[in-house]
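Asker: Provided herewith is a single structure, encoded as structure tokens, for subsequent inquiry.
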Amino acid sequence: MSGPSTYNPKSGLERWLDTRLPILRLAHDTIQTFPTPRNLNIWYTFGGILTFCLAIQIITGIVLAMHYVANATLAFDSVESIMRDVNYGWLMRYMHANGASMFFLAVYIHMFRGLYYGSYKAPRELIWIIGVLIYLLMMATAFFGYVLPWGQMSFWGATVITNLFTAIPVVGTHIATWLWGDFAVGDATLNRFFSLHYLLPFIIAAVVGLHIWALHVPGNNNPLGIDVKTPQDTVPFHPYYTVKDAFYLVLFVILFAVFVFYAPNFFGNPDNYQQANPLVTPPDIVPEWYLLPFYAMLRSIPNKLLGVIVMFGAIATLVFIPWLDTSRVRSCRFRPLMKQFFWAFLVACVLLGYCGGQSVDAARFGIPLVWVARIASIYYYVFFWLIMPIVGLIETPKKLPASIAQSVLGDSAAAPAE
Amino acid sequence: MAATTHDAGTRRDFLYVASGAMGAVGVAAIAWPFIDQMNPSTAALALASTEVDLSAVQPGQQVIVKWRGHPLFVRRRTPAEIASAKAVDVNSLPDPLAYNDNLPDNSPATDANRAIKPEWLILIGVCTHLGCTPTVSTPQMPEGDYGGWLCHCHGSQYDTAGRIRKGPAPRNLQVPPYSFLSATRVKVG
Amino acid sequence: MRLTTVTLGTGLGLAIGLLASTSAFALDTARLAPKEEAFSFEGPFGTYDRGALQRGYQVYKEVCSACHSAQHLAFHNLAEAGGPEFSEAQARALATAVKVPADPNDKGETTDDKGVPLMRSATLADHFPSPYPNENAARANNSGALPPDLSMIVKAREGGPQYVYSILTGFGGHAPAGFKVTDGKYYNPYFEGWNITMPPPLKDGTVTYSDGTKATVDQEAHDVVTFLAWASEPKLEERKRFGFGVMVFLVVLAGLLFGAYRKVWKDAH
Chain A
1 MSGPSTYNPK SGLERWLDTR LPILRLAHDT IQTFPTPRNL NIWYTFGGIL TFCLAIQIIT
61 GIVLAMHYVA NATLAFDSVE SIMRDVNYGW LMRYMHANGA SMFFLAVYIH MFRGLYYGSY
121 KAPRELIWII GVLIYLLMMA TAFFGYVLPW GQMSFWGATV ITNLFTAIPV VGTHIATWLW
181 GDFAVGDATL NRFFSLHYLL PFIIAAVVGL HIWALHVPGN NNPLGIDVKT PQDTVPFHPY
241 YTVKDAFYLV LFVILFAVFV FYAPNFFGNP DNYQQANPLV TPPDIVPEWY LLPFYAMLRS
301 IPNKLLGVIV MFGAIATLVF IPWLDTSRVR SCRFRPLMKQ FFWAFLVACV LLGYCGGQSV
361 DAARFGIPLV WVARIASIYY YVFFWLIMPI VGLIETPKKL PASIAQSVLG DSAAAPAE
Chain B
1001 MAATTHDAGT RRDFLYVASG AMGAVGVAAI AWPFIDQMNP STAALALAST EVDLSAVQPG
1061 QQVIVKWRGH PLFVRRRTPA EIASAKAVDV NSLPDPLAYN DNLPDNSPAT DANRAIKPEW
1121 LILIGVCTHL GCTPTVSTPQ MPEGDYGGWL CHCHGSQYDT AGRIRKGPAP RNLQVPPYSF
1181 LSATRVKVG
Chain C
2001 MRLTTVTLGT GLGLAIGLLA STSAFALDTA RLAPKEEAFS FEGPFGTYDR GALQRGYQVY
2061 KEVCSACHSA QHLAFHNLAE AGGPEFSEAQ ARALATAVKV PADPNDKGET TDDKGVPLMR
2121 SATLADHFPS PYPNENAARA NNSGALPPDL SMIVKAREGG PQYVYSILTG FGGHAPAGFK
2181 VTDGKYYNPY FEGWNITMPP PLKDGTVTYS DGTKATVDQE AHDVVTFLAW ASEPKLEERK
2241 RFGFGVMVFL VVLAGLLFGA YRKVWKDAH
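Take a look at the structure:
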């Protein structure tokens, strides 16, 4: 909870700085003394991890931009030159490419945490909405970035997604031509995508600032979903959460390092090691894994415009969640019915991701995957638009603990098993 | 009780200091690749060496080759040009040092110290005044008074061993590191 | 009775006929799963076998380079650490043996009187030349198919080194009944569709290895795939070495931080 600042500048230099630019005060109040619920678990470390991911992407990206050439004839070769000739270029490139996957892995965990513990509920609605905005910006950045190596997947993924705009009646083709700067994806498109790919991460950084600022007004939610009532419910952010975040960050970096050094092409597609050829379409066009669920939704609808609407609608739905959920209880720990639907939602998302990665006419155990995608897409919408409002009203939640402190420090029988 | 807390305090301090120090070391260690990536790549370094084919160069003729972004003068000297270069008293030169990367730094600018084989004079074609490319002097088209080069930018004149004789340039033309791979092939750099 | 026999017979004949014809259409010509062939560079501690790399370069140079370019490789790569590690002199000799288009001569010409491009010996700085001046020439000389550039072929194909190895050693089998090999192509079940335009490039003894290794098809394929894997990933050894140091560092750091975390939180619960 944000309260009056307790910062007390000690040295002369600190006082001088504090009266001119209170940056140390800001650091003190937000990172050092900020009262944080004492019961935050591992799922709450991903915000810090995400900040680290953004920093890594920006730093490796700027370094790559020193060597990359955004021209349709030269782009592919410039990336290979980075991999072969630039000192540690292979490291920069693999960190950036795998860093994007790690970034999305972390953001999905972060979002699912928010759903499970009701972090989107009042008074944190705006934190959630700003978060959806960050997610959208991330997807746009990743989409632009994937085009830059100008491999087969880069080119054809760009072609498929920009062609979606032609589904819009009347103005669709004009919008697509305007996006391309040409009659199809080409050099003009590549250059502007590079410009936007460089720009958006800094916009993301600014919006992340807003996200954290909005968070620091009410303070963090917690796994119990109950408000902070007394100072016993909280601990200062430093050293409790600085050390906890640092530890889990290192675990995350270990996973990152395993991919970068031992399986750097695990998330990638071999077709992207072939230079873009506008005359030859690869047999299966797939985006990177983190966009697959939405890709599956798009392909599950036989009508082009409806498919686009369903896909974008799925992301737009996220904005309304704070008002769709009618429950008075935040955390699914105390919502036995909602919890089941939540896990089913997670399964649906994973299934959608799997379907998105297979070819359109694939089937497993005799079931065409397009039907699995349709059912999972329906469940996606039903979960937010029907289940959330209805379950909130009809569910009987479990008894909430009296306070965070009592749950953590006091009689542990009062706290549920999870 | 107090002793335990004190021990716990120093133990925690040690872990804090150790983790912090290790983290700092890690950041410094990973910083090196980010700095090194700006150094010339292996593609640039591959062009750091150039091989020049000498077979087509006639006596009294000069070819200019690009080396590390600079013009490289490869001149096949006539016996007269070699003789006139040898006849010069090193102590009378404005710059008495050889500036030959194949030799120690303070070698004098004798003709022998300016070329591995007297017939072949290999110099970096960058005027030591302000960086223009001097023009070569030939019997048909003399440039300057010393039979070597004249820099048209500010009038520096070099002799047939590429040594500065007149004009604002402070130093003799630089001799790059080079070696003969064969009688007709030289590797520069 | 006779009517029944005739009906049954006709029915049976129809059924067999249908089955026979549909089996031809139903023949699944999806490529076979690649053969399982182990390579020295696989695994977290894998490295390239220098001998295999050098022999593989020989196979590439003597067999593959006639039709396949490898334009991202430069001759100086042959002398670098982590690769075939020829000496600089050997690499220079290998470069000199290869001709590349010459720069314009003093008259500004790049071809001779007959239109044949002027050539010069390659230097260490040059990239491997392409056997054809452009894509159309490549297709014209290869029955309309474009021999792909091999610089990254191992990374550009699903199945990686095992896939390329299977293609090279997958010729010579008998096509199953009902499968007709297209004219001008060759049967190779490890290639999608089973029809590949490339003729079998390797035979026993296609090359004579200077180190005396017996040049069977399997050996040649293994060596050239090792070379092509290095061509795709020249930094593999550096990457795994660096990675080992990073993992050790991170695990130790994680241990220290875990200790610090437990100490800080000891009295908070």
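Chains as they are written, first to last, in this note's numbering: chain A, 1 to 418; chain B, 1001 to 1189; chain C, 2001 to 2269.
Yeah, the Cβ is synthetic: ideal placement off N, Cα and C, and Gly gets one too.
Quick one: what does DSSP say PHE267/A is sitting in, helix, strand or coil?
Answerer: DSSP places PHE267/A in coil when its eight states are reduced to three.
Asker: Tell me whether PHE334/A sits in a helix, a strand or coil according to DSSP, three-state version.
Answerer: Helix, per DSSP.
Asker: How many whole angstroms separate the CB atoms of PRO123/A and PRO218/A, which I take to be in contact at a CB cut-off of 8 angstroms?
Answerer: The pair is a contact, with the Cβ atoms about 5 angstroms apart (cut-off 8 angstroms).
Asker: Determine the extent of the beta strand (DSSP E) in which ASP1053/B is found, giving its start and end residues.
Answerer: Run containing ASP1053/B: 1050–1053, per the beta strand (DSSP E) assignment.
Asker: On the three-state DSSP scale, how would you describe TRP1032/B?
Answerer: Looking at TRP1032/B - three-state DSSP - the assignment turns out to be helix.
Asker: Please name the residue in ALA167/A, GLY268/A, MET297/A whose C-alpha comes closest to that of HIS96/A.
Answerer: When each option's Cα is compared against that of HIS96/A, the closest is GLY268/A.
Asker: Buried or exposed: which applies to ILE62/A, given that a residue is buried once 16 or more other Cβ atoms fall within 10 Å of its Cβ?
Answerer: By the 10 Å Cβ count, ILE62/A comes out exposed.
Asker: Short of 8 angstroms Cβ to Cβ, which residues in the stretch 35–53 of chain A face chain B?
Answerer: The stretch 35–53 of chain A vs chain B, Cβ under 8 angstroms: nothing.
Asker: Let's test the definition: count the other Cβ atoms within 10 Å of the Cβ of GLU2135/C and tell me whether it reaches 16, buried, or not, exposed.
Answerer: Exposed.
Asker: Would you give the residue range spanned by the alpha helix (DSSP H) that HIS110/A belongs to?
Answerer: That run of the alpha helix (DSSP H) goes 89–117.
Asker: Which first and last residues belong to the beta strand (DSSP E) in which SER1190/B is found?
Answerer: The structure shown does not extend to residue 1190/B, since chain B is modelled only from 1001 through 1189, so no value can be given for it.
Asker: If you drop the 5 nearest sequence neighbours on each side, which residues of the same chain put their C-beta closer than 6 angstroms to that of PHE294/A?
Answerer: Cβ neighbours of PHE294/A beyond the five flanking positions: MET311.
Asker: Determine the chain B residues that contact HIS1999/C at a beta-carbon separation under 8 angstroms, and present them in chain order.
Answerer: No statement about residue 1999/C is possible, as the shown extent of chain C runs from 2001 to 2269 and does not include it.
Asker: Alpha carbon to alpha carbon, how far is VAL391/A from ALA314/A?
Answerer: Distance between the alpha carbons of VAL391/A and ALA314/A: 20 angstroms.
Asker: How would you call VAL147/A, buried or exposed, if buried means at least 16 neighbouring beta carbons within 10 angstroms?
Answerer: Per the 10 Å Cβ criterion, buried.
Asker: Which class does SER5/A belong to by DSSP, given the choice of helix, strand or coil?
Answerer: Coil at SER5/A, not helix or strand.
Asker: Which of the three DSSP states is assigned to TRP450/A in this structure?
Answerer: Here chain A comprises residues numbered 1 to 418, so residue 450/A is not present and cannot be evaluated.
Asker: Identify the residues that DSSP records as bridge partners of ILE1164/B: which are they?
Answerer: Answer is TYR1158/B, bridged to ILE1164/B.
Asker: Alpha carbon to alpha carbon, how far is GLY1189/B from THR2206/C?
Answerer: Taking the straight line joining both Cα atoms gives about 39 angstroms.
Asker: Taking LEU2256/C and LEU1097/B to be in contact with their CB atoms under 8 angstroms, please state how far apart those CB atoms are, rounded to whole angstroms.
Answerer: Contact doesn't hold; Cβ gap of about 56 angstroms is too wide.
Asker: If you follow the alpha helix (DSSP H) that ILE2153/C is part of, which residue opens it and which one closes it?
Answerer: Looking at the DSSP string, ILE2153/C is not in any alpha helix (DSSP H), and its letter there is neither H nor E.
Asker: Is the shortest distance between the beta-carbon of THR1050/B and the beta-carbons of chain C less than 9 angstroms?
Answerer: At least one chain C Cβ lies under 9 angstroms of THR1050/B.
Asker: Over the uninterrupted beta strand (DSSP E) stretch that includes PRO1071/B, give me the two end residues.
Answerer: PRO1071/B -> beta strand (DSSP E) spans 1070–1076.
Asker: The beta strand (DSSP E) spanning LEU1121/B covers which residue range?
Answerer: Per DSSP, LEU1121/B belongs to the beta strand (DSSP E) from 1120–1124.
Asker: Could you tell me how far apart the beta carbons of SER2130/C and GLN2058/C are, in whole angstroms, since I believe they sit closer than 8 angstroms?
Answerer: Incorrect: roughly 19 angstroms between the Cβ atoms, too far for contact.
Asker: Using the C-alpha atoms, what's the distance from PHE34/A back to THR1004/B?
Answerer: Interpretation of THR1004/B is limited by its pLDDT of 48, a score under 50 that renders its predicted location unreliable; the figure taken from the coordinates is listed afterwards. Rounded to whole angstroms, THR1004/B to PHE34/A spans 28 angstroms at the Cα level.
Asker: Note down, in chain order, all residues in the stretch 2218–2243 of chain C with a beta-carbon under 7 angstroms from any beta-carbon belonging to chain B.
Answerer: So nothing in the stretch comes that close.
Asker: Helix, strand or coil for THR1004/B? Go by DSSP, reduced to three states.
Answerer: Since pLDDT at THR1004/B reaches only 48, below the 50 mark, its modelled position is unreliable, and no value is offered.
Asker: Quickly, what does DSSP pair VAL1196/B with across the bridge? List them, please.
Answerer: There is no way to answer for residue 1196/B, as the model of chain B reaches only from 1001 to 1189.
Asker: Going by other Cβ atoms of all chains shown within 10 Å of its Cβ, with 16 needed for buried, is ALA296/A buried or exposed?
Answerer: The residue is buried, with at least 16 neighbouring Cβ atoms inside 10 Å.
Asker: Can you confirm whether ALA2097/C, when its beta carbon is compared against all beta carbons of chain B, has any partner nearer than 9 angstroms?
Answerer: For ALA2097/C, the answer is no, since every Cβ of chain B falls outside 9 angstroms of its Cβ.
Asker: Quick check on the burial criterion: 16 or more other C-beta atoms within 10 angstroms. Buried or exposed for LEU26/A?
Answerer: Exposed: under 16 other Cβ atoms inside 10 Å.
Asker: I want to see whether chain C comes within less than 9 angstroms of LYS244/A, judged by CB atoms only; does it?
Answerer: Yes, LYS244/A counts as interfacial toward chain C.
Asker: Alpha carbon to alpha carbon, what distance is there between PRO9/A and VAL2248/C?
Answerer: One C-alpha to the other measures close to 40 angstroms.
Asker: Is TYR2163/C helix, strand or coil when you go by DSSP?
Answerer: TYR2163/C: helix per DSSP, three-state reduction.
Asker: Hey, is ILE1016/B's beta-carbon within less than 9 angstroms of any beta-carbon in chain A?
Answerer: First, the residue type needs correcting, since residue 1016/B is Tyr and not Ile in the sequence shown. With 9 angstroms as the cut-off, TYR1016/B counts as an interface residue toward chain A.
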